[in-house]
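Asks:
Chains as they are written, first to last, in this note's numbering: chain A, 5 to 165; chain B, 451 to 1156.
(1) Listed from N- to C-terminal order along the chain, which residues in the stretch 818 to 851 of chain B have their beta-carbon within a distance smaller than 7 Å of any beta-carbon of chain A?
(2) Enumerate in chain order the residues of its own chain whose CB-to-CB distance from residue 122 of chain A is below 7 Å, with the five nearest sequence positions on each side excluded.
(3) Write down every uninterrupted run of the beta strand (DSSP E) in the stretch 577 to 631 of chain B whose length is 3 residues or greater and which is fully enclosed by it, in chain order.
(4) How about residue 647 of chain B: is its C-beta nearer than 8 Å to some C-beta of chain A?
(5) Do three or more CB pairs link the stretch 791 to 804 of chain B to the stretch 506 to 525 of chain B at distances below 8 Å?
(6) Taking only the alpha-carbon atoms, compute the straight-line gap between residue 826 of chain B and residue 820 of chain B and give it to the nearest angstrom.
(7) So that I know if they touch, is there some Cβ in chain B lying closer than 8 Å to that of residue 97 of chain A?
(8) Given a cut-off of 8 Å, decide if residue 536 of chain B and residue 507 of chain B are closer than it, judged by their beta-carbon atoms.
(9) Considering residue 732 of chain B, what are the terminal residues of the alpha helix (DSSP H) in which it resides?
(10) One question on the structure: do residue 1081 of chain B and residue 875 of chain B come within less than 8 Å of each other, judged by their Cβ atoms?
(11) Within this structure, are the beta carbons of residue 501 of chain B and residue 513 of chain B separated by less than 8 Å?
(12) Using the beta-carbon of each residue, which ones in chain B are nearer than 8 Å to residue 145 of chain A?
(13) Kindly confirm or deny that the stretch 1108 to 1119 of chain B and the stretch 929 to 947 of chain B touch, where touching means at least three C-beta pairs closer than 8 Å.
(14) Which residues bound the alpha helix (DSSP H) around residue 1004 of chain B?
(15) Below 6 Å CB to CB, which residues in the same chain sit around residue 707 of chain B once its five sequence neighbours on both sides are set aside?
(16) Answer with yes or no whether the minimum CB distance from residue 149 of chain A to chain B is below 8 Å.
(17) Residue 38 of chain A: which of A/140, A/109 and A/137 sits nearest, CA to CA?
(18) Taking one C-beta from the stretch 57 to 76 of chain A and one from the stretch 84 to 98 of chain A each time, how about it: are there three or more such pairs within less than 8 Å?
(19) Given residue 999 of chain B, which residues of its chain have a CB within under 8 Å of its CB, disregarding the five upstream and five downstream residues?
(20) Out of B/1076, B/574 and B/584, which one is the CA nearest neighbour of residue 633 of chain B?
(21) Can you give me the Cβ contacts of residue 483 of chain B inside the same chain, cut-off strictly under 7 Å, excluding the 5 residues immediately before and after it?
(22) Give me the chain B residues within the contact set of residue 47 of chain A, using Cβ-Cβ distance strictly less than 7 Å, ordered along the chain.
(23) Among B/947, B/1100 and B/813, which one has its Cα closest to the Cα of residue 1065 of chain B?
(24) Going by DSSP in three states, residue 777 of chain B sits in which element: helix, strand or coil?
(25) Name, please, each residue of chain A whose Cβ falls closer than 9 Å to the Cβ of residue 1137 of chain B.
(26) Measure the alpha-carbon distance for residue 413 of chain B versus residue 644 of chain B and round it to whole angstroms.
(27) Under 8 Å Cβ-Cβ, which residues of chain A neighbour residue 1088 of chain B?
(28) At the level of alpha carbons, what is the spacing between residue 904 of chain B and residue 925 of chain B?
(29) Strictly below 8 Å CB to CB, what residues from chain A border residue 1041 of chain B?
(30) Could you please give the first and the last residue of the uninterrupted alpha helix (DSSP H) stretch that includes residue 109 of chain A?
(31) Using C-beta distances below 7 Å, list every residue in its chain close to residue 480 of chain B, excluding the 5 sequence neighbours before and after it, in chain order.
(32) So, at 6 Å on beta carbons, what are the nonlocal neighbours of residue 936 of chain B in its own chain, with the 5 sequence-adjacent residues on each side left out?
(33) Would you call the stretch 139 to 156 of chain A and the stretch 98 to 113 of chain A in contact, with 3 or more CB pairs under 8 Å?
(34) Can you list, in chain order, the residues of its chain with a C-beta nearer than 7 Å to that of residue 551 of chain B? Leave out the 5 residues immediately preceding and following it.
(35) Does the beta-carbon of residue 81 of chain A have 16 or more other beta-carbons within 10 angstroms, so that it is buried, or is it exposed?
(36) Is there a Cβ of chain B sitting closer than 8 Å to that of residue 152 of chain A, yes or no?
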């Protein structure tokens, strides 16, 4: 159904007049020009398309656009602010927590959601939070290290947003 | 070293002018192409150093490489190699990769060859440029070359630092065309200031912010998305098709051309809706082989095998061996499953084709596109943005041909992005394979006989690393004709099979002799670098000597791949109730010669070992004939966070040896090291990969009965 959706996208109020059954992934990638979220499997298995709906990580490839009406959407493009990388983005660079980079946007948003809801997770909780995120290059060990480093910094410096 | 191409090609004036338009050029002609792959003369590296680098008026250095960045980190390590030789900082280097118009020709990014083979060519280009610039600086500064020092693109007179000139000034003062008629020495390892440092990856900022562009992220005005009609199985023939409903989808356009049937739409979901609306019926071929019968098939159709190694008298040794150990190993097909499916965007305009493609082989792909379209190859340009994983699977380029043909037919830019279903269906799988091996040891614990045959996988990893007086190693065909669907290179092609089989058999021999598996290997390996890697990994792991099975769950394996000596130890637990193998720890030591970027090399080791957990514990394609049954990650499981052990990568210093391969060696040991650790934990030897929970449970139950 065509209708007007109102939502916040990376902190900015937006309205879109679109078919509300359209997959959010294509709304982001084709209608809004934000290509950071990736297609990987199309059915929610791989999490390369992960974005945040308010503070909840969702799979954009299986989420209809209607779901964002009245909510806030955060994509990887919205993580850095004022030219300063989000602590998790910086930690991913510092720990070499990516190789091809295709799963990285989804990983980052999964990690942001985790640390917002649980600033000091155990190793097991980090693993559980990211278990649905696939990475074929095998950067897992470094991704875990990056997230735990940010959690440890957060303990000292106030938790990450 | 000699110029093996005779007179040499001289300087290409057109290229010179083209470059001159974009910046300042230092044009030199050196000696012949020494760094080519012998088997692929067409993609010999050029002698003209301008093919590799350009110094801009702003002092920035642009490096051109036909290699592509798919996660392996060569964007960074190549920048380091050039920076080292030219005398500039890595921060001043910009990389242009995989663009057939801009970059020197290249056969493709595979085989751990980027650092080993392109690296020396790039370093020599950098060294020649530095030499030429120093010559110019000597004139400009009125000082002998020997009195000059270079620091980050600035040449100065030693002891008089105010007498200085920048590379940008030198290269900008005049367009220089001169011949370097002498060999320029590469910098010695002891003088390295950039090579050997863990420089942060140049692709980091783009990849963590979502700015990094992959082929599917590009948009052109007027472009259409294409979805292709696919057969239900390999070998199926189209009997009837009805596109009437599809053509009624608003905005959709249906194209049929020589078996290529596609729905195109300005919106990807529109293209999907339209392709789903095409009604088609297919004749399905009779089922030939399946995931279980494939192994007998491979042995039956293998044909006359090629001899890889032979010496001594194998038949006599077999006859007299008191304890001949015979084993047969089976491994199924494995998918590449890169997170980014095959993608290409093609545009044909004014008689020129431009294609942005997710590919490991931009130059061969360009040539195939040109041939298909009937265009000259210099009218076709393939540009490779960031590639979202390849592992050998993005060598074939089918999606590029599809996009190019559809762009030609529709006269619009066309994007072809395979779905995950298509990615599984058209993968060029790691082949299923069989190894048959018989071996024997003498009472002193030396290998007396090694009789080895591989079917389906090819010979990589089958060559001897253990000494034996009586040896025969043969490899039957691994060609496409023996497999029910496409197969192709998969990260160290064939070696995962061969190293698993060989190292499992070595472990069997040690166990039969009641000897420690590490000591047995040390006694029998021929290569000193490999001995050192074994010793290093034993120490770092805390190897506890003794015969297996010790019930501790420790395993060891080693190999030589892509010039690198690698030894790996692992600790596992096996849950008899669930059959689940948990890998707690892997330690891997590599002698890979000079290491360009230590942290980058460790990422490749860790990544390879982690990826290898898949073929070892879970990954095996299910199929019936040409019907691919696994089409997504729901049934085809790849490694997840909960599978990943603590991994320690050790780089053994060896600056006397040029850089060797880094992307592939470690993964070749994963299957073997875990299988050997499972044997140590349970006393059960596995002859089939992957070791799925069901297979482990069955095997443990069977061994409990006997």
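C-beta atoms are modelled at their ideal positions from N, C-alpha and C, and glycine is treated no differently.
Replies: According to the data block:
(1) 836, 837, 838 and 839
(2) Mapped onto the first chain, residue 122 of chain A falls at position 118. Around residue 122 of chain A: 129.
(3) 598 to 601, 604 to 607, 610 to 616 and 626 to 629
(4) Indexing the second chain from 1 puts residue 647 of chain B at position 197. Judged by the 8 Å Cβ criterion, residue 647 of chain B is not in contact with chain A.
(5) no
(6) Counted from its first residue, the second chain places residue 826 of chain B at position 376. Counted from its first residue, the second chain places residue 820 of chain B at position 370. Cα to Cα, residue 826 of chain B sits roughly 6 Å from residue 820 of chain B.
(7) The residue you call residue 97 of chain A lines up with position 93 of the first chain. Chain B contact via Cβ: present.
(8) As a position in the second chain, residue 507 of chain B is number 57, starting the count at 1. As a position in the second chain, residue 536 of chain B is number 86, starting the count at 1. No, these two residues do not count as a Cβ contact at 8 Å.
(9) Numbered from 1 along the second chain, position 282 holds the residue referred to as residue 732 of chain B. Not the alpha helix (DSSP H): residue 732 of chain B falls in the beta strand (DSSP E), residues 729 to 733.
(10) Numbered from 1 along the second chain, position 631 holds the residue referred to as residue 1081 of chain B. Numbered from 1 along the second chain, position 425 holds the residue referred to as residue 875 of chain B. Yes, these two residues count as a Cβ contact at 8 Å.
(11) To locate residue 501 of chain B, count along the second chain from 1; it is residue 51. To locate residue 513 of chain B, count along the second chain from 1; it is residue 63. Going by C-beta atoms, residue 501 of chain B is not nearer than 8 Å to residue 513 of chain B.
(12) Locating residue 145 of chain A in the first chain gives position 141, counting from the first residue. Residues of chain B passing the Cβ test: 1056, 1060, 1094, 1096 and 1097.
(13) Between the stretch 1108 to 1119 of chain B and the stretch 929 to 947 of chain B, the count of Cβ pairs shorter than 8 Å is three or higher; the stretches touch.
(14) Taking the second chain and counting its residues from 1, one reaches residue 1004 of chain B at position 554. Where residue 1004 of chain B is concerned, there is no enclosing alpha helix (DSSP H), although the beta strand (DSSP E) it sits in stretches over 1004 to 1011.
(15) Counted from its first residue, the second chain places residue 707 of chain B at position 257. Cβ neighbours of residue 707 of chain B beyond the five flanking positions: 859.
(16) Working through the first chain from its first residue, we reach residue 149 of chain A at position 145. No, residue 149 of chain A lies away from the interface with chain B (no Cβ there is under 8 Å from its Cβ).
(17) Stepping through the first chain from its first residue, residue 38 of chain A is reached at position 34. Checked all of A/140, A/109 and A/137; the closest Cα to residue 38 of chain A is A/109.
(18) no
(19) As a first step, residue 999 of chain B must be located in the second chain, where it is residue number 549. Within the same chain, residue 999 of chain B has close Cβ partners 961, 1129, 1130, 1131, 1132 and 1133.
(20) Walking along the second chain from the start, residue 633 of chain B turns up at place 183. Considering only B/1076, B/574 and B/584, the residue with the shortest C-alpha distance to residue 633 of chain B is B/574.
(21) On the second chain, residue 483 of chain B is found 33 positions in, with the first residue counted as 1. Residue placement at residue 483 of chain B is poorly supported in this model, since its pLDDT is 37, which falls under 50; the coordinates are not used for a value here.
(22) Here residue 47 of chain A refers to the residue found at position 43 of the first chain. Those are 1082, listed as they occur along chain B.
(23) For the purposes of this step, residue 1065 of chain B is taken as the residue at position 615 of the second chain. Residue B/947 is the option with its Cα nearest to residue 1065 of chain B.
(24) Taking the first residue of the second chain as position 1, residue 777 of chain B is located at position 327. Note: residue 777 of chain B maps to strand in three-state DSSP.
(25) Indexing the second chain from 1 puts residue 1137 of chain B at position 687. By Cβ distance, chain A contributes nothing, its closest Cβ being about 26 Å from residue 1137 of chain B, past 9 Å.
(26) Outside the modelled stretch of chain B, which goes from 451 to 1156, sits residue 413 of chain B, for which no answer is possible.
(27) Within the second chain, the letter at position 638 stands for residue 1088 of chain B. By Cβ distance, chain A contributes 138 and 140.
(28) For the purposes of this step, residue 904 of chain B is taken as residue 454 along the second chain, with counting starting at 1. For the purposes of this step, residue 925 of chain B is taken as residue 475 along the second chain, with counting starting at 1. One C-alpha to the other measures close to 5 Å.
(29) On the second chain, position 591 is the one that residue 1041 of chain B refers to. Neighbours of residue 1041 of chain B on chain A: none; closest Cβ ~21 Å, over 8 Å.
(30) As a working mapping, residue 109 of chain A is identified with position 105 in the first chain. Residue 109 of chain A -> alpha helix (DSSP H) spans 108 to 121.
(31) Numbered from 1 along the second chain, position 30 holds the residue referred to as residue 480 of chain B. Any reading at residue 480 of chain B needs caution, since the residue's pLDDT is 35, under 50, leaving its predicted position unreliable; the model's value is listed next. Sequence-distant Cβ neighbours of residue 480 of chain B in its own chain, meaning closer than 7 Å and more than five residues away, are 497, 499, 578 and 630.
(32) If you number the second chain from 1, residue 936 of chain B lands on position 486. Correct list, in chain order: 878.
(33) yes
(34) As a working note, residue 551 of chain B is residue 101 in the second chain. The answer, listed in chain order, is 831.
(35) Taking the first residue of the first chain as position 1, residue 81 of chain A is located at position 77. With 16 or more Cβ atoms within 10 Å of its Cβ, residue 81 of chain A is classed as buried.
(36) Position 148 of the first chain, counted from the start, is the residue given in the question as residue 152 of chain A. It does not: the Cβ of residue 152 of chain A has no partner Cβ on chain B nearer than 8 Å.
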